[in-house]
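Here the sequence shown stands for residues 96 to 304, where the numbers follow our numbering.
Positions of the beta carbon are idealized from the N, C-alpha and C atoms, including for glycine.
For reference, the structure discussed in these notes is given below.
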Amino acid sequence: MTSQRTRLRMVERLRQQGIADEVVLAVMAELPRHLFVDEALMSRAYDDVSLPLGFGQTISQPYIVAKMTSLLRNGKKLGRVLEIGTGCGYQTSILAKLAKEVYSVERIAPLLDRTRLRLREFKFTNVRLKHADGHLGLPEAAPYDAILMTAAASHVPEELVSQLAPGGRLIMPIGLNEQKLHCFDLTEEGLQQQILEPVKFVPLLPGLG
Ligand code: SAH
């Protein structure tokens with residue numbers, strides 16, 4: 096139930112749900128998602144559901160991870176990426192396999208400590224995790240070619256836009272009760288916004304946890 100075959104079934108389902116980025120699908124076919132959830136939930140790790148990861152937070156369903164990652168990639172190789180909301184590190188690990196460099200910030204220190212230990216097993220050399228408030232982005236490594244927020248905000252934090260490289264893309268859910276996935280591109284004409292599908296994320300919370 097946690098085998099390669101289960102992952103391939105998940106990937107087949109993602110294709111049927113409209114995910115067409117084979118590069119993302121190949122990474123999802125490889126990465127053992129069950130190692131990112133509690134033992135009691137492992138048997139459900141490949142179902143198309145979000146699951147609790149402790150501290151009142153959730154790991155997004157595979158479809159959303161695939162969708163956001165495909166949008167972020169936009170058919171190109173990812174350079175320097177910032178993720179807001181490390182959580183259990185599943186999305187971070189997907190990005191690690193696709194991007195040159197990944198920075199990820201998380202506000203809950205004990206959750207980040209646990210994820211740090213977990214990611215150590217994967218021996219990524221291109222991932223930096225930081226205990227920080229994602230509202231502020233991560234100025235020390237800016238600018239980023241892509242920014243992915245995995246918690247829902249009421250608006251786009253100005254700091255994130257200012258940390259985007261020219262041509263950069265920011266993907267994030269916006270809204271409180273009714274959330275929609277948003278895609279912002281920093282073009283020569285300024286910030287272009289696309290509003291995409293409805294989603295359900297935990298909220299982006301203020302300050303450090
Ligand atoms: N990408 C994660 C999803 C985790 S849920 C995964 O694959 O597991 C969203 C995460 O955002 C939670 O861990 C939550 O603690 C974190 N978060 C919420 N507000 C934040 C903030 N202001 N700064 C940084 N992280 C935040």
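- Task: Tell me whether residue 242 counts as near the ligand SAH, meaning its Cβ is closer than 7 angstroms to at least one heavy atom of that ligand.
- Result: no
- Task: Classify residue 223 as helix, strand or coil using the three-state DSSP reduction.
- Result: strand
- Could you have a look at residue 297 and say whether DSSP puts it in helix, strand or coil? coil
- Give the DSSP bridge partners of residue 195, in chain order. Residue 195 is not bridged to any residue.
- Three-state secondary structure assigned by DSSP to residue 116: coil
- Query: How many Å lie between residue 226 and residue 109 at the Cα?
  - Reply: Distance between the alpha carbons of residue 226 and residue 109: 32 angstroms.
- Residue closest to residue 246, alpha-carbon to alpha-carbon, out of 269, 207 and 170: 269
- Query: Any heavy atom of the ligand SAH closer than 7 angstroms to the Cβ of residue 278?
  - Reply: no
- Message: Please report the distance separating the alpha-carbon of residue 234 from that of residue 258.
- Response: 7 angstroms
- Query: Taking 7 angstroms as the line, does the beta carbon of residue 269 fall inside it for any heavy atom of the ligand SAH?
  - Reply: no
- Query: Closest to residue 139 by CA distance: which of 156, 125 and 126 is it?
  - Reply: 156
- Message: Determine whether the beta carbon atoms of residue 203 and residue 304 lie at a separation below 8 angstroms.
- Response: yes
- Quick one: give me the first and last residue of the beta strand (DSSP E) that residue 239 is part of. 239–244
- Item | residue 274 (DSSP reduced to helix, strand or coil) | DSSP places residue 274 within a strand segment (E or B) once states are collapsed to three.
- Task: Please state whether DSSP places residue 189 in a helix, a strand or coil.
- Result: helix
- Message: Looking at the ligand SAH, does it come within less than 7 angstroms of residue 228, judged from the CB to the closest heavy atom?
- Response: True, at least one ligand heavy atom lies under 7 angstroms from that Cβ.
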